[in-house]
């Protein structure tokens with residue numbers, strides 16, 4: 338009797354603590370956390386006093402317009418559920434989850450089963466409901482039974498274990514496409530950036546050269562032939578140095594931009610190339626396509642490693 342009273346008291350404390358925590362989160366505008374804790378508290382509403390039930394229900398009504406509510410069914414019930422890559426931390430056949438508005442990914446996984454994926458576009462104040470079954474390998478066994486008067490005999494057919502598949506050594510070509518892609522992206526970004534900087538520098542040098550030329554032409558002592566054989570440290574010599582620097586920056590910058598564009602195009606094209614003929618895993622093994630069906634949309638979810 339005392340043990341039952343202690344368990345009831347613990348349930349009341351947990352429900353009350355979760356509800357009060359939800360009200361604090363509601364005051365801080367953490368609507369998703371508030372909705373989750375208030376819902377968890379009201380699951381034990383029978384253990385709560387009437388006044389607390391009313392407070393927690395009022396808080397839940399305030400949080401509801403700011404979050405999306407999902408009732409998720411999972412089969413098998415011991416499957417692990419992840420939301421945006423984070424584990425929920427408990428297992429059940431049915432979950433009530435709350436989401437902030439936006440795109441979210443729900444994943445179910447269990448040993449011996451194929452992962453189930455669902456993409457959810459959460460809208461504030463909306464309610465969603467769907468079931469996520471996992472495709473699991475069926476266990477097989479063979480039994481032979483014979484019955485006699487007052488006697489029952491069962492004979493199990495021995496199953497010969499299949500040898501474990503031999504692990505293959507990774508191919509020396511297995512990692513080079515990814516490394517080259519990283520190098521290609523870095524080179525393309527670096528060369529285009531350097532080319533752009535040089536072209537901007539050429540434009541600045543052109544402006545400086547125009548200003549110097551205008552200043553030189555405004556001098557009443559200037560003439561059209563004064564710069565033909567001007568000394569190196571004269572205004573005309575400075576004008577020639579600015580012109581040469583402008584031309585060099587412009588040409589090198591243009592060459593770098595073109596080179597970066599070619600490297601970037603080759604790197605982008607490599608993402609659509611299958612390197613399985615070099616010992617790399619084939620494209621169909623690296624890409625997983627799962628159907629996604631909800632009450633509002635139908636499509637596929639594609640995950641993979643390039």
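Numbering (this note's numbering), first residue to last: 338 to 643.
Glycine residues also receive a C-beta, built at the ideal position from the N, C-alpha and C atoms.
In whole angstroms, what separates the C-alpha of residue i from that of residue j?
i           : j           : result
residue 576 : residue 586 : 15 Å
residue 402 : residue 364 : 15 Å
residue 379 : residue 354 : 11 Å
residue 619 : residue 607 : Here the model assigns residue 619 a pLDDT of 46, short of 50, so the residue's position is not dependable, and the following value carries that caveat. Rounded to whole angstroms, residue 619 to residue 607 spans 14 Å at the Cα level.
residue 366 : residue 399 : 10 Å
residue 582 : residue 539 : 7 Å
residue 374 : residue 516 : 46 Å
residue 580 : residue 441 : 57 Å
residue 542 : residue 598 : 25 Å
Based on DSSP bridge pairs, tell me the residues matched to residue i.
i           : result
residue 466 : 408
residue 544 : Answer is none; residue 544 lacks a bridge partner.
residue 459 : 439
residue 423 : 420
residue 446 : 417
residue 432 : 409
Give the single residue among the options whose Cα lies nearest to the Cα of residue i.
i           : options               : result
residue 521 : 369, 424 and 604      : 604
residue 371 : 391, 404 and 536      : 404
residue 574 : 546, 590 and 597      : 546
residue 544 : 527, 529, 584 and 427 : 584
residue 473 : 362, 461, 591 and 412 : 412
residue 449 : 599, 439 and 415      : 415
residue 531 : 595, 550, 516 and 471 : 595
residue 431 : 442, 467, 439 and 454 : 467
residue 519 : 533, 601 and 455      : 601
Under the three-state reduction of DSSP, which class applies to residue i: helix, strand or coil?
i           : result
residue 417 : strand
residue 451 : strand
residue 471 : coil
residue 386 : coil
residue 366 : coil
residue 618 : For residue 618, the predicted model reports a pLDDT of 46, less than 50, meaning its position is unreliable and no value from the coordinates is stated.
residue 380 : coil
### Query
Quick one: any contact between the region 405-412 and the region 431-444, if contact means 3 or more CB pairs under 8 Å?
yes
Pairing CB atoms from the region 378-394 with CB atoms from the region 421-430, are three or more of them under 8 Å? no
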